[in-house]
C-alpha cells in the first residue's frame, strides 16, 4: 500500500489529503469499466492499433489511468515492448517497463521520454501530457510508428483538440496523429440492497435528458446499513468516445472551432457524457442527480 500525504495551511488550520494506492489490487478489465457495448467494441479495436495517439480525458480521479491500464492489458506483452511513464505507478503490470516520474529528482515526463524513445518501444503510455515538450515527443512518437496512450485534463472529448493546440501542437499534426479521445467520469452506483423506484422531478430529468421526458419511474437508494445510509455502493463510468474520421481530421486541420467539431462528431454517432449518463440512469445503475453532479 502506497500512502501519499499532502498538507495545506488554511485559514482554520491544516487540511490533509491522503491518496491510498493498493499495491495488492489488480488492474480492472476493459469490460468492467461500464462502457456501452458499442463503445467497448470500438475502443477495444482502437487499443489494438499499431500507431497513433489514444487519449483519455477528464478531471483528476475520473479513472483515466485505470482505463489506460485496461487498454494496455489487451496488448501482446510477450511480443511487444511496452513502456509507461507514470506519476505515480499505480499497479505493476507484468511484462511492461514502468518508469516513475520524480519532479524532485529532476525526472520529468519529458526527460524520461527522451531516453525511453531510444529503446525502440512499440507502445508508450504517458501518464499525462503536462507541457509542450511532452506533447511534442508524443506527437513525434506517433508519427514514427508507435502507439501512444496518454491523458489530458479537459471537460469533454472535443476539448482535447484545443488543449493540444495550447501545447503548441499544430492543428494539422493533431489531425494526423490523434486516433480517438475517450472522455470519462465516475458515478456512484445505486445500492442493490435498498434500491427502490420513484417518480423524479420532470425538470431535473430534463436537465440530463436535454428534452422533456414526461412521466417516468427511475431508481434510487433509500439508504441502508450496506451502503451506510448513502443509497450508493460502488462506482461505474460514463463515457464519450470521439473517433477521428476523415471529415473530422479535415475540419480540425483547418482550425474548425469546438462547436463545429462537436456537431460533426454528433452527426457521426458520438454519444455524449450526458447521453451515456442518461442511458445508465434508465438502466437503473445510477441516479439523475449523480450524473448531473459530474457532468455539469
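In our numbering, the protein residues as written are 949 to 1244.
For glycine and all other residues, C-beta sits at the position ideal for the given N, C-alpha and C.
For residue 1150, the enclosing alpha helix (DSSP H) begins and ends at 1150-1157.
In chain order, 1180, 1183 and 1238 place their CB closer than 6 Å to the CB of residue 1136, counting only its own chain and leaving out the 5 sequence neighbours on each side. With contacts defined by Cβ atoms closer than 8 Å, residue 976 and residue 1030 do not form a contacting pair. In the structure shown, residue 1040 adopts coil according to DSSP, grouped into three states. If you draw a straight line from the Cα of residue 1001 to the Cα of residue 1026, it comes to about 22 Å. By the CB criterion at 8 Å, residue 1018 and residue 988 fall outside the cutoff.
8 Å or more divides the Cβ of residue 1006 from the Cβ of residue 1035. Bounds of the alpha helix (DSSP H) holding residue 1082 are 1080-1091. Nearest neighbour of residue 1138 by Cα position, chosen from 1171, 1120 and 1148, turns out to be 1171. A distance of 8 Å or more separates the beta carbons of residue 1099 and residue 1111. Going by beta carbons, residue 1073 and residue 1097 fall inside the 8 Å limit. Burial of residue 1033 is indicated by the presence of at least 16 other C-beta atoms within 10 angstroms of its C-beta.
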